[in-house]
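Visitor: This is the structure, below, for whatever I ask next.
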Amino acid sequence: MTVSHWQTTEQTHREIDFLVVGAGLVGSAAAFFARQAHDRDVVITDARDVGLGASGRNAGFMISGLDIYYHRAIEEYGHDAARELWSLSNRSMELWREFIRNSPFDVPLDNSGSMLLAESEAEAKELELAAAALTADKIAIEYYDKDPLRRGFYAGIEQPLDAGVQPYLLAKSVMTQSGAELIPNNELYRIEQHDDDAVQVYTRQFVFTARHVLLCTNAWSPTIDPFFVGKVIPTRAQCLVTEPLDHVPVPYCGYSDYGYMYYRSTFDGRFLLGGGRQHYKCEEDNTTEDRLNPNVQAFLDRYLARYFPDVTAPVAHRWSGIMGFSVDGLPLVGILPGKSRVGCAVGFTGHGLAMGAASAERAVDALLNRVSAGAVDITRFG
């Protein structure tokens, strides 16, 4: 994010204890943990406002695990790390549910579970291997060797503990419960740490001198600190939602095509469909441009007609959102090299609801208590 010289003429200098940058789901959760669990005076700032980035544009899937099948996670990260990451996602789900139970206003939640579906025989074999690995680790699932929805899929894994949520209202609720001071519409353009005691954070409205700074900036992280360049890749996602239907096409949060496609019924009776970027990666990867891609939207229309021909209601709304994909598929949590008082919880690879709350919890603990963030710690990058 850049700010012109003319926009900084009325800056105010402030000294604060704990500054969170980013007022999405992860930043709001981090503010909660810093204030409630560690008794810090917390300010949270955002270039826009609460939940206006990817946190308020996603499908609202509270789904356990990473964006790859469990047996592949074991191969990629090792068995111990895969189990730890699954536990991290379970912790996130537990925390989100606690926020919802304690919310000062209603946050819709559908404990319907999720269904991972195969669109080919090859993916069905992957699902079978994933189901075996999950069962071996005593993770509650149900495997279907045929299409449980009878819509042209090949196999499925049901995860009964998953859920669908209204993500924008969840972000607003977590922010409210944090008790932190919010400064919206306040672009950050530079961070400097010249000594061991404080960090200078330059924003459009303020120059902060903060004892601790936590970046929860996901896709925008490479624009804030060079450490994230090449490690967090901004990636655009596309969604659509129909007018209300007279039936529920899918009674779960549904995933297919290795997680590239996703769909669910909304709380007001509409059908939401997202994905399609896998066919247009050169256009959708490594971009922060918030716009509709007509090629992706046309693919979503064709997908809707193929797998959900009973959804005949017209499309009511289309949108995009910018996700932060990490280069190795894991969140980046910990303390930035060379900046001992600057922490981060970014790079959720489209699974911010799965990993975000527990990652924020670990990030705050790492920054204040110098505790390792485990498998998601950024020290893995050396």
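In the numbering used here, the protein residues as written are 23 to 404.
Cβ atoms here follow ideal geometry from the backbone N, Cα and C, with glycine treated the same way.
Quick check on the DSSP output: the alpha helix (DSSP H) that includes H234 runs from which residue to which?
Guide: H234 -> not in any alpha helix (DSSP H); beta strand (DSSP E) instead, spanning F228 to L237.
Visitor: Under a Cβ-count criterion, where at least 16 other Cβ atoms within 10 Å of its own Cβ denotes burial, should W28 be classed as buried or exposed?
Guide: It counts as exposed.
Visitor: Whole angstroms is fine: what's the gap from T34's alpha carbon to V229's?
Guide: T34 and V229: Cα-Cα distance of roughly 6 Å.
Visitor: Rounded to the nearest angstrom, how far is the Cβ of G174 from that of Y329, given a contact under 8 Å?
Guide: About 6 Å; that satisfies the 8 Å criterion.
Visitor: Nearest to A379 by CA position, among I163, C238, T309 and C275, is which residue?
Guide: Selected option, being the one with the closest Cα: C238.
Visitor: Roughly how many angstroms lie between the CA atoms of L191 and D312, to the nearest whole one?
Guide: Rounded to whole angstroms, L191 to D312 spans 21 Å at the Cα level.
Visitor: Return yes when the Cβ of H234 is within less than 8 Å of the Cβ of D39, no when it is not.
Guide: Yes, they are a contact pair.
Visitor: If we ignore side chains and look at the alpha-carbon of each, how far apart do Y274 and P182 end up?
Guide: Whole-angstrom Cα-Cα distance: 9 Å.
Visitor: Just grab the DSSP bridge partners of C261 for me.
Guide: DSSP lists G296 and W341 as partners of C261.
Visitor: State the DSSP-derived secondary structure class of S200, mapped to helix, strand or coil.
Guide: Three-state DSSP puts S200 in a helix.
Visitor: For D61, tell me which candidate among A103, A146, G201 and D68 has the shortest Cα-Cα distance.
Guide: Closest by alpha carbon: G201.
Visitor: Assign H101 to one of two classes, buried (16 or more other C-beta atoms within 10 Å of its C-beta) or exposed (fewer than that).
Guide: So H101 ends up on the exposed side.
Visitor: Mark F127 as exposed unless 16 or more other C-beta atoms lie within 10 angstroms of its C-beta, in which case mark it buried.
Guide: Label assigned to F127: exposed.
Visitor: My assumption, with CB atoms under 8 Å, is that A51 sits in contact with V196. Please give the rounded CB distance.
Guide: Contact holds; Cβ gap of about 6 Å.
Visitor: What's the C-alpha gap between T198 and Y211?
Guide: So the two alpha carbons sit approximately 26 Å from each other.
Visitor: Take A162 and list the residues in its own chain whose beta-carbon comes closer than 7 Å to its own, dropping the five residues that flank it on each side.
Guide: So the list reads P182 and L183, once near-sequence residues are dropped.
Visitor: Three-state secondary structure (DSSP) at D132?
Guide: Strand at D132.
Visitor: Buried or exposed: where does V393 fall if 16 or more other Cβ atoms within 10 Å of its Cβ makes it buried?
Guide: V393 is exposed by the Cβ-count criterion.
Visitor: Just to check my reading of the structure: A388 and G356 have Cβ atoms closer than 8 Å, yes? What is that Cβ distance to the nearest angstrom?
Guide: Going by Cβ atoms, the distance from A388 to G356 rounds to 5 Å, so yes, they are a contact pair.
Visitor: On the three-state DSSP scale, how would you describe R173?
Guide: It is coil, neither helix nor strand.
Visitor: Confirm, please, whether the CB-CB distance from A140 to Y92 is below 8 Å.
Guide: Contact: no.
Visitor: Would the region 292–299 count as touching the region 317–329 if we require 3 or more Cβ pairs under 8 Å?
Guide: Contact holds: three or more Cβ-Cβ distances are below 8 Å.
Visitor: Would a C-beta distance cut-off of 8 Å place V333 and F370 closer than the cut-off?
Guide: It is not a contact, given that the beta carbons lie outside the stated cut-off.
Visitor: Terminal residues of the continuous beta strand (DSSP E) containing I213?
Guide: I213 -> beta strand (DSSP E) spans L210 to E214.
Visitor: Could you give the DSSP three-state label for R286: helix, strand or coil?
Guide: The answer is strand: DSSP assigns R286 an E or B state.
Visitor: If we ignore side chains and look at the alpha-carbon of each, how far apart do R340 and R79 end up?
Guide: Computed Cα separation, rounded: 11 Å.
Visitor: Check this for me: beta carbons of P189 and S77, under 8 Å apart or not?
Guide: Their beta carbons are under 8 Å apart, which means P189 touches S77 by this criterion.
Visitor: How many angstroms separate the CA atom of D268 from the CA atom of G291?
Guide: When rounded, the distance between both Cα atoms is 8 Å.
Visitor: Tell me which same chain residues have a C-beta within less than 7 Å of the C-beta of A155, skipping the five on either side of it?
Guide: Cβ within range, chain order: Y92, H93 and I96.
Visitor: Just how far apart, CA to CA, sit Y325 and Y282?
Guide: The straight-line gap from Cα to Cα measures roughly 12 Å.
Visitor: How close, in whole Å, do the beta carbons of S348 and V254 come, if the pair is a contact with beta carbons under 8 Å?
Guide: Going by Cβ atoms, the distance from S348 to V254 rounds to 6 Å, so yes, they are a contact pair.
Visitor: So what's S26 in DSSP terms, helix, strand or just coil?
Guide: Of the three classes helix, strand and coil, the one that applies to S26 here is coil, per DSSP.
Visitor: Which residue wins for smallest C-alpha separation from V17, given the options R57, I246 and F54?
Guide: A question about residue 17 goes unanswered here, because the residues of the chain that appear run from 23 up to 404.
Visitor: For the alpha helix (DSSP H) holding Y166, just list the boundary residues, first then last.
Guide: Looking at the DSSP string, Y166 is not in any alpha helix (DSSP H); the run it does join, the beta strand (DSSP E), is E164 to Y166.
Visitor: Determine the direct distance from the alpha carbon of R226 to that of T24, and round the result to whole angstroms.
Guide: If you take the alpha carbons of T24 and R226, they lie about 9 Å apart.
Visitor: Rounding to the nearest angstrom, what Cα-Cα distance links P344 and L47 in this structure?
Guide: It should be pointed out that residue 344 corresponds to Ile in this sequence rather than to Pro. Near 14 Å, if we compare the C-alpha coordinates of L47 and I344.
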